[in-house]
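Residue numbers (our numbering), protein chains in the order written: chain A, 72 to 345; chain B, 72 to 345.
What follows is a short report on a single structure.
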DNA sequence: CCATCTTTGTGCACACGTTCACAAACGCAT
DNA sequence: ATGCGTTTGTGAACGTGTGCACAAAGATGG
Ligand SMILES: NC(=O)c1ccc[n+]([C@@H]2O[C@H](COP(=O)([O-])OP(=O)(O)OC[C@H]3O[C@@H](n4cnc5c(N)ncnc54)[C@H](O)[C@@H]3O)[C@@H](O)[C@H]2O)c1
Ligand SMILES: NC(=O)c1ccc[n+]([C@@H]2O[C@H](COP(=O)([O-])OP(=O)(O)OC[C@H]3O[C@@H](n4cnc5c(N)ncnc54)[C@H](O)[C@@H]3O)[C@@H](O)[C@H]2O)c1
């Protein structure tokens with residue numbers, strides 16, 4: 072009598088996204104252990120090496136199956152293999168890099184690239200003065216060859232390091248050629264059809280997030296006088312806010328805000344009008 | 072009389088982390104609108120430009136205060152100012168980059184760096200053959216000068232682009248010198264004291280995540296014969312698994328897994344022994 | 001074979017994040 | 001003023017992720 076709720080699809084194989092994002096971290100730590108010929112490792116030790124909580128690590132592994140031994144820990148070599156397999160690293164992934172400027176060059180030269188199943192299939196650029204030069208031993212080829220390269224080498228992953236203005240166009244062409252995963256370094260929101268994955272690496276965003284926290288740290292020491300600049304009007308209920316909004320649209324927005332430091336109220340939370 | 076429910080941290084001014092991470096995205100879209108002199112924008116339009124859901128955007132903005140006008144939308148200039156202020160971009164953030172190799176060079180040359188309140192205060196390296204050269208008009212200085220630079224220029228953000236082996240050591244020194252936010256490009260888990268923020272940018276992890284999804288896409292077309300390689304023993308309950316584990320530790324792990332393809336059962340979900 | 005010690009695997013509660021859906025607020029035309 | 005169309009701001013439902021705590025599994029030693 073099967074009381075299994077009939078997983079309609081591949082529900083069983085559903086590894087949480089947060090877990091997937093941590094698997095490479097575990098893999099890195101395990102590889103280091105493997106190189107030191109450590110045979111087994113406990114969840115506590117491995118978690119420390121990966122910089123996560125041990126319960127989280129055990130739960131993550133539980134999605135892959137039960138690969139540990141109670142009282143002992145995990146077999147390092149076996150885990151390396153299982154995680155590699157789960158991440159698809161037991162096969163070779165040819166990658167194209169488009170836009171061989173400062174960043175593209177750095178990536179092409181990056182050794183850690185090839186170390187884990189990723190192989191640079193080609194470097195591509197649109198600029199004729201760049202095409203023909205070489206980076207990291209590979210020739211830079213012209214965009215015209217993109218489609219042929221992607222098809223002949225079965226490239227499914229593309230890296231975009233062009234200026235922001237060209238990113239969407241390059242993306243479209245990659246997708247059209249058959250690429251279904253894109254890593255985007257340009258500060259651009261890419262639009263892609265269903266079935267195509269995009270991940271972005273955005274230095275500027277990371278710095279801004281750091282700045283936010285940095286500012287908060289700085290602003291916590293002084294008692295509470297820091298953000299008196301914030302207009303009380305904007306947190307006030309009812310018609311008062313409407314008036315403020317009108318004012319803003321009428322006059323020069325940004326400057327207004329500074330002028331509006333009327334009463335320096337405390338940190339009253341935003342109240343809704345009923 | 073604080074009746075705050077013992078927010079472990081600063082709960083009062085608590086803008087959710089997920090929201091903070093999106094603010095730079097909104098800011099970028101808003102800046103583009105501002106340059107086109109668009110006066111106001113609706114949550115729907117802005118959300119599309121930033122690549123998010125409009126309800127999410129509105130909720131994000133609601134944490135900052137009520138800056139919109141119903142029936143109209145948001146005043147672009149005003150929002151730019153408010154978000155900039157919230158992120159701490161109305162002030163200047165001097166930044167040091169440590170490790171001027173391939174990547175460090177690329178970052179030093181990156182224009183988008185300075186565009187938003189971030190200023191490269193210094194480039195630092197330990198290698199005497201690199202020190203003295205220049206990148207993007209700035210001289211590369213020796214690590215010995217780190218402390219003096221951080222202190223005199225009030226640097227609170229550091230970027231690490233050294234090889235992985237040097238990252239923790241460099242990090243410790245940055246922290247010791249007074250840096251409290253670190254952006255780490257080296258594939259290393261950094262340990263820092265409380266009060267120091269670390270964000271990492273890890274190309275290798277991003278690629279591995281893409282590979283995972285790529286593999287999944289590829290594996291969905293063929294009926295189900297792909298992963299018969301996975302041992303059924305590992306999903307079986309009770310003592311069977313124990314035996315499997317023992318075997319693994321005894322013999323050569325990774326190779327074993329391939330040999331274990333005994334019976335090719337279906338996709339029965341992992342069952343627990345009561 | 002039993003006792004004891006270690007460590008996994010997971011149930012559970014809670015925190016955080018996302019999305020829907022809609023009343024209230026606003027501009028504008030009449 | 002009043003009504004109408006538009007758009008915000010948010011309550012509430014839902015989904016995802018995290019961390020505690022502990023029973024049970026296995027190792028180990030007598
Ligand atoms: N350099 C960095 O450290 C850094 C940091 C963060 C983000 N970024 C982003 O990464 C991207 C590249 O940065 P960069 O500093 O290497 O820029 P870059 O100008 O040095 O290089 C861009 C390259 O792309 C090529 N290119 C332009 N249009 C193209 C097209 N349509 N098709 C193919 N190739 C094209 C150019 O010929 C050039 O070689 C930019 O979007 C930048 O904002 C760079
Ligand atoms: N190049 C890439 O595209 C890329 C991509 C992803 C990650 N990374 C990572 O970024 C880091 C830098 O990569 P790279 O290609 O620029 O390496 P690189 O070897 O070209 O440059 C490293 C620089 O750090 C300097 N350095 C070494 N030890 C130092 C120390 N103790 N203090 C100060 N400086 C020191 C070296 O002199 C060198 O100039 C590496 O950890 C790499 O794994 C690089």
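A virtual CB, placed ideally from N, CA and C, is assigned to each residue, including glycine.
Computed from a predicted model, the values in this text were never measured in an experiment.
In the assembly as shown, residue 225(B) is an exposed residue. Its beta-carbon has fewer than 16 other beta-carbons within 10 Å.
Residues of chain A with a Cβ closer than 8 Å to the Cβ of residue 240(B) do not exist, since the nearest Cβ in that chain sits about 17 Å away.
With fewer than 16 other Cβ atoms inside 10 Å of its own Cβ, residue 249(A) counts as exposed. For residue 176(A), the C-beta contacts it makes with chain B under 9 Å involve 173, 176 and 177, in order along the chain. Ranking 210(B), 196(B) and 215(B) by CA distance to the CA of residue 232(B) puts 196(B) first.
Against residue 268(B), the close residues of chain A are 280, 281, 284, 285 and 288, in the order they occur along the chain (beta-carbon pairs closer than 9 Å). Taking 8 Å as the upper bound on Cβ-Cβ separation, chain B lies near residues 110, 111, 120, 121 and 122 of the segment 108-126 of chain A. In terms of beta-carbon proximity, residue 189(A) lines the interface with chain B, with at least one pair separated by less than 9 Å.
For residue 246(A), the enclosing alpha helix (DSSP H) starts and ends at 235-248. Contact annotation: residue 128(B) and residue 93(B) have beta-carbon atoms nearer than 9 Å.
Not one heavy atom of ligand 2 is found less than 8 Å from the C-beta of residue 173(A).
Look at the segment 205-233 of chain B: the residues with a C-beta under 7 Å from a C-beta of chain A are 227 and 228.
Of the heavy atoms belonging to ligand 2, none sits nearer than 8 Å to the Cβ of residue 188(A).
Neighbours of residue 183(A) across chain B, judged by C-beta separation under 9 Å: 235, 258, 274 and 275. For residue 145(B), the pairing in a beta bridge is given by DSSP as 112(B) and 139(B). In the structure shown, the three-state DSSP call for residue 189(A) is strand. In this structure, residue 274(A) has its CB at a distance of at least 8 Å from all heavy atoms of ligand 2.
Beyond the five residues adjoining it in sequence on each side, residue 214(B) comes within less than 6 Å, by CB distance, of 195 and 197 in the same chain, given in chain order. For residue 176(A), there is no enclosing beta strand (DSSP E); the residue is part of the alpha helix (DSSP H) that begins and ends at 173-180.
For residue 252(A), the C-beta contacts it makes with chain B under 7 Å involve 281, 284 and 285, in order along the chain.
At a threshold of 8 Å, residue 255(B) does not count as near ligand 1, since its beta carbon sits no closer than that to any of the ligand's heavy atoms. At least one CB of chain B lies nearer than 9 Å to the CB of residue 99(A). Comparing alpha-carbon positions, the option among 289(A), 169(A), 108(A) and 173(A) lying closest to residue 218(A) turns out to be 169(A). 212(B) is the residue among 212(B), 110(B) and 192(B) whose C-alpha sits nearest the C-alpha of residue 199(B).
Taking 9 Å as the cut-off, the Cβ atoms of residue 97(A) and residue 119(A) do not count as close.
Annotation: residue 225(B) is outside any beta strand (DSSP E) and is labelled neither H nor E by DSSP.
Residues of the segment 148-159 of chain A with a Cβ closer than 8 Å to any Cβ of chain B, in chain order: 148, 149, 151, 152, 153, 156, 157, 158 and 159. For residue 91(B), the residues of chain A that pass the 7 Å Cβ criterion are 280 and 283, in the order they occur in the chain. When the Cα atoms are used, residue 236(A) and residue 111(A) turn out to be separated by approximately 50 Å. Within the DSSP secondary-structure output, residue 213(B) pairs in a beta bridge with 196(B).
Here residue 277(B) really is in contact with residue 270(A); their C-beta atoms are around 5 Å apart, less than 8 Å. Around residue 109(A), the same chain offers 147 as residues with beta carbons nearer than 7 Å, after the five sequence neighbours per side are excluded. Contact annotation: residue 172(B) and residue 95(B) have beta-carbon atoms that are not nearer than 9 Å. Exclusion of the five residues before and after residue 179(B) leaves 168, 171, 191, 194, 206, 207 and 209 as the residues of its chain whose Cβ lies within less than 8 Å of its Cβ. Neighbourhood of residue 96(B) in chain A, by CB distance below 8 Å: 260 and 276, in chain order.
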